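Enquirer: Dropping a structure here in structure tokens format, bear with me for questions.
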Amino acid sequence: MDHVRELITDADGHIVPELLPFADALATTNSASLMKWVKHSRSSQRLAELVASGPDISHTALDRLPQGHATRYLRELLVSTGVLDPRNESFAQLVLWEDRTISALPDHQQRIVRPFARWAVIRDARRRVERGRYTDAASRADRSQIRAAIGFLAWLDTVGAPVETLDQQHLDTYLSANPAKLGSSPIVWCIGVIAA
49 MDHVRELITD ADGHIVPELL PFADALATTN SASLMKWVKH SRSSQRLAEL
99 VASGPDISHT ALDRLPQGHA TRYLRELLVS TGVLDPRNES FAQLVLWEDR
149 TISALPDHQQ RIVRPFARWA VIRDARRRVE RGRYTDAASR ADRSQIRAAI
199 GFLAWLDTVG APVETLDQQH LDTYLSANPA KLGSSPIVWC IGVIAA
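Quick note on my numbering: the sequence shown kicks off at 49 and runs consecutively.
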């Protein structure tokens, strides 16, 4: 239990009270398994990072950590022990992915893709979350929509066509090489934004 207390103690030596239910749950596990988790698990390292980052024990604080298996597992532990409220993780991860992915694009692509992602894809996804109909499969499909818009704009860059010069010949060339994209919402959105 001392190792668990160390994990939930901040730099000033104070136990983070929000994590007490988590510590209590860990105290009931097999001590050998607990020791292995505390000493060798990446998720316990993520917990240490979370505690060290400040008093905020929240989904938002976890969202600032690298979003791999360790963070997902830690989040699941914190939700299952009542430290964090449940949330639709598929949707939350879509939003995080969208921000990271689009922020890495050149400015001229961000200007077109970000509104599409936020107003067409994420807004619709949020509605499905509210109706309880948002799944991992839906998140993957939504990421594909955003990737399609990025791919189209990247293709324009590759052929040396600034978005302002988009014409029917560009569309015909792109769609003949990518027939599955014909009529897809990302392409229609991009054309609408470019034409505006």
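We put the beta carbon where it would ideally sit given N, CA and C, even for glycine. Given the structure is predicted, the values throughout are model-derived calculations rather than measurements.
Would you check if the distance between the CB atom of W85 and the CB atom of A168 is smaller than 9 Å?
Expert: It is not a contact, given that the beta carbons lie outside the stated cut-off.
Enquirer: Leaving aside the five residues before and after L95 along the sequence, list all residues of the same chain whose C-beta is less than 6 Å from its C-beta, in chain order.
Expert: For L95, where only same-chain residues beyond five positions count, the Cβ hits under 6 Å are L55 and L122.
Enquirer: Closest to I235 by C-alpha separation, out of S187, R174, E137 and A197, would be which residue?
Expert: Looking at the Cα atoms, A197 is the closest of the given residues.
Enquirer: In terms of residues, what are the limits of the alpha helix (DSSP H) holding A140?
Expert: Run containing A140: E137 to S151, per the alpha helix (DSSP H) assignment.
Enquirer: Ends of the alpha helix (DSSP H) at S128?
Expert: Run containing S128: H117 to S128, per the alpha helix (DSSP H) assignment.
Enquirer: Does DSSP classify T206 as helix, strand or coil?
Expert: Reduced to three states, the DSSP call for T206 is helix.
Enquirer: Less than 9 Å separating the beta-carbons of L125 and S91?
Expert: A contact, by the Cβ cut-off of 9 Å.
Enquirer: Apart from the five residues on each side of it in sequence, which residues of its chain come closer than 6 Å, Cβ to Cβ, to S187?
Expert: Around S187: S138 and L142.
Enquirer: Where does I105 sit, in a helix, a strand or coil, going by DSSP?
Expert: I105 falls in the coil class under three-state DSSP.
Enquirer: Once DSSP output is grouped into helix, strand and coil, what is the label at I63?
Expert: Residue state, collapsed to three classes: strand.
Enquirer: For V207, count neighbouring C-beta atoms within 10 Å of its own C-beta (all shown protein chains included) and say buried if the count is 16 or more, exposed if not.
Expert: That one is exposed.
Enquirer: Would the beta-carbon of L219 fall within 9 Å of that of P210?
Expert: Cβ atoms of L219 and P210: not closer than 9 Å.
Enquirer: V260 to I105, Cα distance in whole Å?
Expert: The displayed coordinates of the chain run from 49 to 244. Any statement about residue 260 would go beyond what the structure contains.
Enquirer: Can you grab the Cα-Cα spacing for the pair A59 / L67, in whole Å?
Expert: Whole-angstrom Cα-Cα distance: 15 Å.
Enquirer: Could you have a look at T76 and say whether DSSP puts it in helix, strand or coil?
Expert: Of the three classes helix, strand and coil, the one that applies to T76 here is coil, per DSSP.
Enquirer: Going by DSSP in three states, T183 sits in which element: helix, strand or coil?
Expert: Three-state result, T183: coil.
Enquirer: Go ahead and label A165 buried or exposed: buried means 16 or more other beta carbons lie within 10 angstroms of its beta carbon, across all protein chains shown.
Expert: Burial call: buried.
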